[in-house]
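Scroll down for the structure; my scribbles are underneath it.
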Amino acid sequence: MPTIHTIERKPRAASAGPSPLLIMLHGYGSNEHDLFDLGDYLDPRLHIVSARGVLNLGFGFAWYHLGGTPGNLLPDPASRAQARTLLAKFVANLPGRLGTDPQRTYLLGFSQGAIMSLALAALTPSLFAGIIPLSGYLDPETLDGPLPAGIADLPILQLHGTQDEVIPVAAARQTRDLLAPVARQLTYQEYPVGHTISMDGLQFIQRWLAERLVS
């Protein structure tokens, strides 16, 4: 089983107890440094870990292979399932290794990282205090059955650009509509941007996390 390489930033401010943990998952063809600097803008109590995709593409890294043709790229089910299993174990073990609060693990993913974040939440929602999928979607093919009951109370902040040319906003809206009847703490926002994180979106993430770290 591959090893997940990470970079981390320890909390810049103390918490009353063990620190909350924020795990970052980058998109296809990127690396662990891509999202890492977002930590400069987020709550200083967070212990931040940014993970590198397990597949080396030569020009970057990925969590799973893509097939098909340009404009119609399709996920490889086998490598995606392997990545989901590997990440679930990684997330479960990380608080014990770092000494962070296992009840306050948050997951932020962009693009393919967002797809993995949603797939992980659909597999084991109990691992997380909240997830932040950015510019991604939940592929129903990753579900082993109905959405688990635990997702009902899982805080989810889903953001997407209406001008996204990589993952059309229609895919995000389908995910919203799939989650909404079950996920009572789903927050969905759209912004007039492409396949990126807008400043307005980043500010929303700041507020959303800060509200949950009050205690």
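Quick note, the sequence shown lines up with residues 69 to 283 if you use the numbering used here.
In this text, a Cβ means the ideal position worked out from N, Cα and C, and glycines have one as well.
Residue i in three-state terms, based on DSSP
i: PRO193; result: helix
i: LEU106; result: helix
i: PRO208; result: helix
i: ILE224; result: strand
i: SER98; result: strand
i: GLY181; result: helix
i: LEU202; result: strand
i: ILE72; result: coil
i: LEU188; result: helix
i: GLY218; result: helix
Straight-line gap, residue i to residue j (C-alpha atoms, nearest Å)
i: GLY218; j: LEU90; result: 20 Å
i: ALA240; j: GLU258; result: 9 Å
i: ALA160; j: ASP268; result: 31 Å
i: ASN124; j: PRO143; result: 16 Å
i: SER147; j: TRP131; result: 8 Å
i: ILE199; j: GLU233; result: 23 Å
i: MET92; j: SER266; result: 17 Å
i: GLY229; j: THR153; result: 29 Å
i: HIS290; j: GLN150; result: The structure shown does not extend to residue 290, since the chain spans only 69 to 283, so no value can be given for it.
i: GLY177; j: LEU134; result: 18 Å
i: PHE272; j: VAL261; result: 15 Å
i: GLN226; j: LEU155; result: 20 Å
i: HIS263; j: GLY204; result: 10 Å
i: LEU222; j: PRO70; result: 29 Å
i: ARG252; j: SER118; result: 28 Å
i: ALA238; j: PRO201; result: 15 Å
CB-CB length for residue i against residue j, believed under 8 Å
i: ALA187; j: PRO216; result: So it is not a contact: roughly 12 Å between Cβ atoms.
i: TYR109; j: GLN274; result: 6 Å
i: LEU106; j: LEU270; result: 7 Å
i: ILE183; j: ASP207; result: 7 Å
i: PHE129; j: SER98; result: 7 Å
i: PRO163; j: ARG113; result: Actually they do not touch by this definition, with Cβ atoms about 15 Å apart.
i: HIS94; j: GLY126; result: Contact flag wrong, Cβ pair sits at about 16 Å.
i: THR210; j: PRO86; result: Not confirmed; about 31 Å, so no contact.
i: TYR174; j: LEU277; result: 7 Å
i: ARG280; j: ALA197; result: 7 Å
DSSP bridge partner residues for residue i (one or two, in chain order)
i: ARG80; result: Paired residues: none, contrary to the question.
i: MET92; result: SER118, LEU176
The ligand COA heavy atom lying under 8 Å from the CB of residue i
i: THR210; result: For the structure depicted, the ligand COA is absent and the ligand set is empty, with no information on it obtainable.
Interface flag, residue i vs chain B, CB-CB below 9 Å
i: ARG148; result: Among the chains in the structure shown there is no chain B, since it carries only a single protein chain.
Query - 3 or more residues per run - each beta strand (DSSP E) lying fully within the stretch 228-279 - result: 254-259, all fully within the stretch 228-279.
Query raised in the report: For the stretch 111-174, which segments carrying the alpha helix (DSSP H) assignment without a break, of at least 4 residues, lie completely within its bounds, in sequence order?
Result: 145-166, all fully within the stretch 111-174.
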